Structure formats: structure tokens, C-alpha cells
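Each remark here refers to the structure printed beneath this line.
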Amino acid sequence: MCRTWRYSTFVVLIVSNNLLIGMSVDRYLAVRYPLRAITGEYRPYKAIIIGSWVMAFLIPVWTFPYTGAVLYKTTYYCDVTITTDLGWKLYVWFTLLLVFFIPFLAVSVCYICITVVVWKHWRESRNLTEMNYILEDSTCKPCHETKNSGLLPKARIKTIKMTLIICFAFLICWLPATVFHILDVYQINVLDVRYYIVLQRLYPLNSACNPVIFLFFSRNILPCGTQKSSVTTRGYESVDTTNTTT
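Under our numbering, the first residue of the sequence shown carries the number 21, and numbering increases by one thereafter.
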């Protein structure tokens, strides 16, 4: 029972982080290949959800040999059974690598790539606008400004902002306790154990924040009599579909 409880805790944390990575990859691919999103060729949300859960069930299997009931004074607690200092350090670092560092690195790479793609689009759009002014001695500048002012559709910009805020929430919830874990491994006691307990409670809070952020950005949760175009549903709202499972 102890091992099952510890395993289920890891599953919940990892699936939340996997969905966050999947959302970031989804936003990058939608920005990088906009025509695929519009034509409906790009519909990755089912694969993201299924893949996130499958990986979440497989990754924590390695924790079973190192988890069990530990006697402390007169009471048994479910804890890690590693007794050597080196083994404990390896366990903590490997755990943090799976639940924090790899997701944070993957999300960061995705948003750096998104920034590069948007910057390239902006530069190309500006060059086209300047060429139009030169070639056409135009008397209708607002027309050109209108055509080139929107580099990305509003719906896609909205989902990018939403995913970026979710990433910041992930960083805020995970970074403090991660730093404390690293300091504790090397016996650098800078915080009282009571603060450590509070920081640990931030982990599940990250999963609780995601639906709230989604509700904040989605005004039409229960649309009454409104119809959305198939382009919007298939292309730009894929992150919204993913978020409801987090």
C-alpha cells in the first residue's frame, strides 16, 4: 500500500508536467506550421493526452524498490528506504531531474523557438510593408498596415499567453521546494522544517492552478446558441482541449 501511494503521487505530478510540455510543443508547432492548423492536418491534442498519461504510468515504476515503511520512534511512515548518503543524493537528483529540470528545459526550449519564429515573421512582414510602400507610392497606407499588423491570429496569441502563464505558475510552484531539496541533500539548513512542509504543498497547487487559468482565458465555457467555425475549433483551440484534462 505504501509503494502504491508513493507511485500514485509521482503519477499525478508527472502527468501534469507532461501535459505542460505537450501544450508548449503544441503552441510551437501551431506557430511554426500555421497552414497545417488551419487545414486540420495538425490535431495533436489526443496524442498529447494519451502520451502524457502513458509516460506518467511508466516513469515512476523505478521508485518501487526504494519505497517502504520506515520506523521512526514508535510509528511507521511511508518513506524512501535508501540508507546511504550517496544513494540518497542520487535518488533526489534523479527525481528532481524527472519532475522539474527536464520539464522546465523542454518548456523553455519551446518558448525560445516560438520567440524566434514570431521575430522572423515580424521581420519578414516589416520588409514586405516597406517594399509595398516603395513599389506602389500608395495613397492607402492604412490598408497595408491592416494587412500586416496581425502576425498571428488573435486566438493563437491568446492560447500562447495562456500557456506562458501556466509555465510561470509551474516555475513558481516548483522552484522554491526544488531549491530547498537540493540544499537539504548537501545539509545546508537555511529553512525551518515547517517552511519545508509549506513548500511541499505547492507541488499539487500547480495542477490546481491550471483549470483556474483556463477559466480566466476562456469566456465561452458554456456557449449558448453560438457557433464556432471549424477552422478555429480544429486549429487554434487545441490547447484549450488539452487544458481541461490538467
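Don't be surprised by glycine CBs; every beta carbon is placed ideally from N, CA and C. As the structure is a computational prediction, the values presented were derived from the model and not from experiment.
Which term fits residue i, buried or exposed, when burial requires 16 or more other beta carbons within 10 angstroms of its beta carbon?
i: residue 46; result: buried
i: residue 74; result: exposed
i: residue 142; result: exposed
i: residue 36; result: buried
i: residue 221; result: exposed
i: residue 123; result: buried
i: residue 44; result: buried
i: residue 188; result: exposed
i: residue 72; result: buried
i: residue 125; result: exposed
i: residue 206; result: exposed
i: residue 110; result: exposed
i: residue 230; result: buried
i: residue 219; result: buried
Roughly how many angstroms separate the alpha carbons of residue i and residue j, rounded to a whole number?
i: residue 21; j: residue 54; result: 48 angstroms
i: residue 103; j: residue 76; result: 27 angstroms
i: residue 185; j: residue 233; result: 8 angstroms
i: residue 267; j: residue 197; result: Only positions 21 to 266 of the chain appear in this structure, which leaves residue 267 out of reach.
i: residue 91; j: residue 204; result: 21 angstroms
i: residue 112; j: residue 174; result: 42 angstroms
i: residue 127; j: residue 200; result: 22 angstroms
i: residue 107; j: residue 85; result: 13 angstroms
i: residue 182; j: residue 225; result: 17 angstroms
i: residue 209; j: residue 29; result: 26 angstroms
Rounded to the nearest angstrom, how far is the Cβ of residue i from that of residue j, given a contact under 8 angstroms?
i: residue 80; j: residue 41; result: Actually they do not touch by this definition, with Cβ atoms about 16 angstroms apart.
i: residue 87; j: residue 23; result: 5 angstroms
i: residue 100; j: residue 227; result: With a Cβ gap of about 23 angstroms, residue 100 and residue 227 do not count as contacting.
i: residue 194; j: residue 223; result: 7 angstroms
i: residue 39; j: residue 68; result: 7 angstroms
i: residue 134; j: residue 180; result: 7 angstroms
i: residue 26; j: residue 83; result: 6 angstroms
i: residue 119; j: residue 51; result: Their Cβ separation, rounded to whole angstroms, is 27 angstroms, which puts residue 119 and residue 51 out of contact at 8 angstroms.
i: residue 237; j: residue 178; result: 6 angstroms
Going by DSSP, what residues sit across from residue i in a beta bridge?
i: residue 98; result: 89
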